[in-house]
Structure formats: C-alpha cells, structure tokens
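Taking the working numbering, I'd label the letters of the sequence shown as residues 4 to 185. Positions of the beta carbon are idealized from the N, C-alpha and C atoms, including for glycine. Keep in mind the model is a prediction, meaning the values are calculated, not measured. Heads up, the thing below is written out as structure tokens.
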Amino acid sequence: MSSDQPNKALSRAVTEKLRNGQVVTIRPMEPGDIELERVFITNLSPESRHQRFLGGVGAPSQKLLEQLTDVDHNKREAFIALIEGEDPAKEIGVSRYALESSGKAAECAVVIADEWQMQGLGTLLLDRLIESARARGIEHLYSIDSASNNRLSEVARHMGWERRSDPQDSTQVIYTLDLTAT
4 MSSDQPNKAL SRAVTEKLRN GQVVTIRPME PGDIELERVF ITNLSPESRH QRFLGGVGAP
64 SQKLLEQLTD VDHNKREAFI ALIEGEDPAK EIGVSRYALE SSGKAAECAV VIADEWQMQG
124 LGTLLLDRLI ESARARGIEH LYSIDSASNN RLSEVARHMG WERRSDPQDS TQVIYTLDLT
184 AT
C-alpha cells in the first residue's frame with residue numbers, strides 16, 4: 004500500500020471490550036474532537052499529564068489542542084477511545100504518531116485516563132497505531148518516556164519494544180519497535 008493512501012479499514016470506528024467488561028469505541032481523531040481532547044487532558048492527574056508531556060502541563064492551551072487534533076491520517080495519526088453509549092461522548096484514551104521527514108520512523112505516544120488504566124485499553128490503542136503505521140510502510144515506532152513510568156515499561160516489554168536509556172537525558176528512556184519484523 005502506498006504511504007499516501009490511508010488504509011480504509013483503519014478509518015472506521017471499531018468497538019472493543021476492556022478487561023472490566025466496558026465496551027469502548029476506537030476511531031480516528033477528527034478536528035471536531037478538540038473539546039473532547041480539552042476535557043480529557045484537563046482531567047488527567049498531574050502524574051499522568053507529566054508522563055505524557057514529560058513536563059508540567061496544566062490546562063492545555065488552545066494552540067496545543069489544535070496541534071493535537073490537526074491529524075492528516077498520513078504523516079500524523081491519532082486514534083481516540085470513547086466510552087460506548089455516553090452522551091456527551093467521553094474520551095478515555097488516545098494514541099498518536101508523527102512521522103519523521105525520512106518517512107521511515109515515527110514518534111508515538113499513548114495516554115489513558117487514570118480511572119481506565121490497567122484495563123487493556125493502552126494495548127488496544129497501541130495495536131491500532133501499529134497497524135496503521137505498518138499499513139503506511141513505517142519501519143520503526145519510537146517513544147521517549149519517563150524512566151519512572153513502570154506501567155509503560157511492563158506494557159512495552161510485553162509487546163516486544165526495545166528499551167534503552169536516553170543518551171541526552173538520564174531521566175528518560177527510549178522505546179523502539181521494529182515494524183519490519185514479522
């Protein structure tokens with residue numbers, strides 16, 4: 004598949020069941036999701052915001068929200084998880100990547116609302132992101148994260164990501180997944 008052609012299967016919403024039995028919808032992010040993203044980030048605990056943004060982010064700025072929801076589904080991809088049947092919709096997780104200029108690697112991130120962690124949602128969102136990256140011919144995904152994020156370390160190990168210390172910052176680690184391996 005050409006890296007310029009989005010995978011139609013990945014452009015649809017899917018439903019998944021979490022460990023606790025809750026059904027969630029996972030779908031591509033849209034520009035109209037800016038308010039969902041604002042509420043989601045604002046409601047993250049300070050620790051979760053720190054783990055995601057590697058620094059102190061309080062209430063997200065309008066500029067940040069526009070950047071996060073400006074997804075072209077080619078060079079920048081994002082999938083959000085919504086609680087099934089909630090009105091208004093409630094975002095409980097997001098996965099995203101941004102393609103490097105080489106077109107061969109992309110930096111990715113996943114964040115789950117505090118009360119929805121440890122239910123398998125992070126793995127589901129990451130699987131969808133990996134599927135999207137492979138469909139676009141991306142060879143490697145990587146993530147720069149806090150070395151103290153033990154939950155992520157366990158998930159990454161379980162999913163086959165390689166972990167190494169960040170040579171520029173000893174408080175961070177870099178996880179890498181080779182997407183060309185079968």
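Residue i: first and last residue of the uninterrupted beta strand (DSSP E) it sits in
{"i": "residue 42", "result": "Taken as a continuous stretch (DSSP letters only), residue 42 belongs to no beta strand (DSSP E), being part of the alpha helix (DSSP H) at 37-46."}
{"i": "residue 180", "result": "175-181"}
{"i": "residue 34", "result": "That residue, residue 34, is in no beta strand (DSSP E); it is neither H nor E in DSSP."}
Rounded straight-line distance, which links the Cα of residue j to that of residue i
{"i": "residue 171", "j": "residue 148", "result": "12 Å"}
{"i": "residue 20", "j": "residue 135", "result": "20 Å"}
{"i": "residue 169", "j": "residue 179", "result": "12 Å"}
{"i": "residue 38", "j": "residue 92", "result": "10 Å"}
{"i": "residue 49", "j": "residue 117", "result": "10 Å"}
{"i": "residue 85", "j": "residue 41", "result": "14 Å"}
{"i": "residue 140", "j": "residue 98", "result": "18 Å"}
{"i": "residue 103", "j": "residue 78", "result": "8 Å"}
{"i": "residue 181", "j": "residue 123", "result": "22 Å"}
{"i": "residue 47", "j": "residue 111", "result": "19 Å"}
{"i": "residue 105", "j": "residue 137", "result": "15 Å"}
From the options, residue whose alpha carbon lies closest to that of residue i
{"i": "residue 130", "options": "64, 158, 116 and 151", "result": "158"}
Limits of the unbroken alpha helix (DSSP H) element including residue i
{"i": "residue 3", "result": "Only positions 4 to 185 of the chain appear in the structure, and residue 3 is not among them; the question remains open."}
{"i": "residue 108", "result": "Careful: residue 108 lies outside any alpha helix (DSSP H), inside the beta strand (DSSP E) at 108-115."}
{"i": "residue 138", "result": "124-138"}
{"i": "residue 68", "result": "65-72"}
**Continuous beta strand (DSSP E) assignments of at least 3 residues falling wholly in the region 142-171** = Fully enclosed beta strand (DSSP E) runs of 3 or longer: 143-149 and 165-168.
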